[in-house]
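Asks: Sequential numbering from -11 applies to the sequence shown in our numbering.
Can you read through this structure? Questions will come right after.
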Amino acid sequence: MYQIAAGQAGAGPELRQEAAGSLAKPRDAEITVIGGGAVGAAAAYFLARGGYSDIQLLDARGLCEATSSQAAGMVGQARPTVERARLTMAAAELYRSFEVSTGYSMDYRECGAIRIALSAASVAELTQIAATAKVTGLPVEFLTDAQLRDLCPVLERTDGIKAALWSPTCGYLQPNSLVAAYASAARDLGVTIAPNAAVTGIGIGHGAVQAISTKEGKFATEQVIIAAGPWSAALAKLAGIELPIVPVLHEYFVTEPVPGWHADLPCLRIPEVQVYARGESGRVLCGGFENQGTSLDPRTVTVASPLPAAPDWDILAGFGASLGRFVPSLSEAGVSTTFQGWPTFIPDGRFLVGPVSAIRGLVLAAGCNAHGVSGSAGLAMHLLESLGPDPSPYVRSLSPDRYLPRTWSWEDAERQARAVYETYYPMPGVPA
Ligand SMILES: Cc1cc2nc3c(=O)[nH]c(=O)nc-3n(C[C@H](O)[C@H](O)[C@H](O)COP(=O)(O)OP(=O)(O)OC[C@H]3O[C@@H](n4cnc5c(N)ncnc54)[C@H](O)[C@@H]3O)c2cc1C
């Protein structure tokens, strides 16, 4: 079991040590998963659990040392559409029960979540979410002002709040625990986990994947799952295809200790001012989705790009000011840490999951659109279905084929993907 605070990089000393052992080298394997973040680790586990064998998971670094290590870990199940709500509910159930079924905890904390509406339009959205929850069986309820203050006493001001929707079974998990748990359970099912194994080439012959190259040499493989987060477009390019997987900067801060912000406080989302917050071991964790995102042109990212990310203090201060409207005392809290990274966005805001028809054995598991930690189980479930005999129309619609061959422009793709980030919370620009 690994108990690591949010954002602390690395999947735990035990697993790292084992992974560095003699078995943990790239090898010939039927299936090669590239990327040991939340998505690659989930993919490896789900494939092994789904009956696939001879799987290796390769990472250029260690496990959970890139985007996933930075995530706030929030798992929201209250969604406007039935499909998304059912998927996140299934994922949350997996996080909740993983320790019982595998022996490895994901440190899922069911503290509940409150979504706040500041306008009539936003109230309508909460009503839609509540209607969807009724269909899917997710418990939710609208709170009175007194109930809101009772559940979330850190809210010093509630004026202007038109509605608050409470979903008691939502929560958050520790991304490092999630990745370590998936990887440990995958390893128990026979998956080889090799860190420090950067894939530098994907060999294609007769229209099919044949091999991968690493510094250790070239290894035969029949299927490659690209789950390399912000490097996914660069990996796809190694296989000769272009996909609009756009990294967009995302960040949050954690304050010094602030009274009342304990770990079981509900997660807060205030879409109109585009912020989220939760307690993190007695501190305030606060992030958001700014109106003008910063993206990378995927063509400029190579498999060797380090992709550093630095805090943008103006943006972080903006998140603080938005939350500060409801928690004025926040202005007195010092910031202890910031977290930032490059989650990927797809121009249509949907996952990019499944086989590429043009190249047998080439499969994508990317485009998490900023919910790759909470969505990792759902994405992996879709991946498994996409490889089966009869994927649903919905899963087919997530196929990378929708962008192949390239008829779109890179400039439009980057702009549209960035817009998905900027409108992550619906109704941007509605006066708060
Ligand atoms: C500040 C911040 C807050 C966030 N908060 C949340 C949240 O609350 N909830 C949520 O669900 N999501 C959140 N996200 C988004 C989430 O972190 C991502 O969607 C998720 O981590 C993506 O996981 P991944 O496995 O695809 O990518 P990564 O974690 O980046 O993993 C990709 C891996 O691929 C490896 N790799 C790259 N190239 C190669 C190669 N050539 N060979 C071998 N390996 C390679 C890398 O080393 C890396 O380990 C947040 C993101 C950020 C930055």
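Ideal Cβ positions, reconstructed from N, Cα and C, are used throughout, including at glycine.
Would you kindly work out how many angstroms separate the C-alpha atoms of A309 and G349, rounded to a whole number?
Replies: Taking the first residue of the sequence shown as 1, we reach residue 309 at position 321. Taking the first residue of the sequence shown as 1, we reach residue 349 at position 361. One alpha carbon belongs to A309, the other to G349, and they sit about 48 Å apart.
Asks: Are there 16 or more other CB atoms within 10 angstroms of the CB of D400, so buried, or fewer, so exposed?
Replies: In the sequence shown, residue 400 corresponds to position 412, counting from 1. D400 is exposed by the Cβ-count criterion.
Asks: Can you check which of these residues, F86, P335, E239 and T243, is closest to G267 by C-alpha distance?
Replies: In the sequence shown, residue 267 corresponds to position 279, counting from 1. If we check each option's Cα against that of G267, T243 comes out closest.
Asks: Kindly indicate which residue of H194, L45 and Q162 has the alpha-carbon position closest to the one of I347.
Replies: If you number the sequence shown from 1, residue 347 lands on position 359. Residue H194 is the option with its Cα nearest to I347.
Asks: What is the rounded straight-line gap between the Cα of A32 and the Cα of D16?
Replies: On the sequence shown, residue 32 is found 44 positions in, with the first residue counted as 1. On the sequence shown, residue 16 is found 28 positions in, with the first residue counted as 1. The alpha-carbon atoms of A32 and D16 are separated by roughly 16 Å.
Asks: Is S85 closer than 8 Å to A169 when the C-beta atoms are compared?
Replies: Here residue 169 refers to the residue found at position 181 when the sequence shown is read from its first residue. Here residue 85 refers to the residue found at position 97 when the sequence shown is read from its first residue. Cβ distance not < 8 Å, so A169 and S85 don't count as in contact.
Asks: Is the distance from the Cβ of C158 to the Cβ of G100 below 8 Å?
Replies: Translated into positions along the sequence shown, residue 158 becomes position 170. Translated into positions along the sequence shown, residue 100 becomes position 112. Yes, the pair counts as a contact, with Cβ atoms nearer than the cut-off.
Asks: Counting pairs of beta carbons, one from the stretch 110 to 122 and one from the stretch 390 to 408, are three or more of them closer than 8 Å?
Replies: no
Asks: Where does E402 fall in DSSP's three states?
Replies: Mapped onto the sequence shown, residue 402 falls at position 414. Note: E402 maps to helix in three-state DSSP.
Asks: With a threshold of 7 Å (Cβ to nearest heavy atom), would T55 be considered close to ligand 1?
Replies: Here residue 55 is taken as the residue at index 67 of the sequence shown, counted from 1. Yes, Cβ of T55 sits closer than 7 Å to a heavy atom of ligand 1.
Asks: By Cβ distance below 6 Å, which residues in the same chain neighbour E410 in space, the five residues on each side in sequence not counted?
Replies: One-based indexing of the sequence shown puts residue 410 at position 422. N279 and G281.
Asks: In the DSSP output, what is K13 paired with across the bridge?
Replies: Position 25 of the sequence shown holds residue 13. For K13, which the question treats as bridged, DSSP gives no partner whatsoever.
Asks: With respect to the alpha helix (DSSP H) encompassing Y83, which residues constitute its N-terminal and C-terminal limits?
Replies: Within the sequence shown, numbered from 1, the residue matching residue 83 stands at position 95. Judged by DSSP secondary structure, Y83 falls within the alpha helix (DSSP H) whose first and last residues are V70 to T90.
Asks: Tell me where the alpha helix (DSSP H) around Y33 begins and ends.
Replies: Within the sequence shown, the letter at position 45 stands for residue 33. A26 to R37 is the extent of the alpha helix (DSSP H) around Y33.
Asks: Which class does W301 belong to by DSSP, given the choice of helix, strand or coil?
Replies: The residue you call residue 301 lines up with position 313 of the sequence shown. The answer is helix: DSSP assigns W301 an H, G or I state.
Asks: Name, in chain order, the residues that DSSP records as bridge partners for S201.
Replies: As a working note, residue 201 is residue 213 in the sequence shown. S201 is bridged to G189 and K206.
Asks: Apply the 10 Å Cβ neighbour rule to D285 and answer buried if 16 or more other Cβ atoms are within range, or exposed otherwise.
Replies: Position 297 of the sequence shown, counted from the start, is the residue given in the question as residue 285. Exposed, because fewer than 16 other Cβ atoms sit within 10 Å of the Cβ of D285.
Asks: Could you compute how far the alpha carbon of L11 sits from the alpha carbon of G91?
Replies: Within the sequence shown, the letter at position 23 stands for residue 11. Within the sequence shown, the letter at position 103 stands for residue 91. Reliability of the predicted coordinates at L11 is poor, the pLDDT of 49 falling under 50, and the value obtained from them is presented with this limitation in mind. Distance between the alpha carbons of L11 and G91: 22 Å.
Asks: Going by CA-CA distance only, name the one from L295, G322 and P296 that's closest to P245.
Replies: On the sequence shown, residue 245 is found 257 positions in, with the first residue counted as 1. Of L295, G322 and P296, the smallest CA-CA separation from P245 is found for G322.
Asks: Taking its Cβ as the centre, do 16 or more other Cβ atoms sit within 10 Å of G50, making it buried, or is it exposed?
Replies: Here residue 50 is taken as the residue at index 62 of the sequence shown, counted from 1. Buried, since its Cβ has 16 or more Cβ neighbours within 10 Å.
Asks: Do the stretch 36 to 48 and the stretch 60 to 76 meet, that is, are 3 or more Cβ pairs less than 8 Å apart?
Replies: The stretch 36 to 48, when compared against the stretch 60 to 76, does not touch it at the 8 Å Cβ threshold.
Asks: Regarding F277 and ligand 1, is the C-beta to nearest heavy atom distance less than 7 Å?
Replies: Indexing the sequence shown from 1 puts residue 277 at position 289. F277 Cβ: outside cutoff for every heavy atom of ligand 1.
Asks: With DSSP as the reference, label F339 as helix, strand or coil.
Replies: Taking the sequence shown and counting its residues from 1, one reaches residue 339 at position 351. It is coil, neither helix nor strand.
Asks: Of the residues A73, G148, R67 and G125, which one's Cα is nearest the Cα of L114?
Replies: Translated into the one-based positions of the sequence shown, residue 114 becomes position 126. For L114, the closest C-alpha among the options A73, G148, R67 and G125 is that of R67.
Asks: What does the alpha-carbon distance come out to for the pair G275 and L311?
Replies: As a first step, residue 275 is located in the sequence shown; it is residue number 287 there, counting from the start. As a first step, residue 311 is located in the sequence shown; it is residue number 323 there, counting from the start. Roughly 9 Å between the two C-alpha positions.
Asks: Do you know offhand how far A215's Cα is from W398's?
Replies: On the sequence shown, residue 215 is found 227 positions in, with the first residue counted as 1. On the sequence shown, residue 398 is found 410 positions in, with the first residue counted as 1. Answer to the nearest angstrom: the Cα atoms are 21 Å apart.
Asks: Could you check what DSSP says for G267 in three-state terms: helix, strand or coil?
Replies: In the sequence shown, counting from the first residue as 1, residue 267 sits at position 279. Three-state DSSP puts G267 in a strand.
Asks: Give me the Cα-Cα distance between T395 and T146, rounded to the nearest whole angstrom.
Replies: Counting from 1 along the sequence shown, the entry for residue 395 is found at position 407. Counting from 1 along the sequence shown, the entry for residue 146 is found at position 158. In a straight line, the C-alpha of T395 is about 49 Å away from that of T146.
Asks: Spatial neighbours of E422 within its chain, please: C-beta separation below 7 Å, excluding the five flanking residues on both sides.
Replies: Residue 422 falls outside the range modelled here, since the chain spans only -11 to 420, and no answer is possible.
Asks: What's the call for G355, buried or exposed, on a 16-neighbour Cβ count within 10 Å?
Replies: On the sequence shown, position 367 is the one that residue 355 refers to. Per the 10 Å Cβ criterion, buried.
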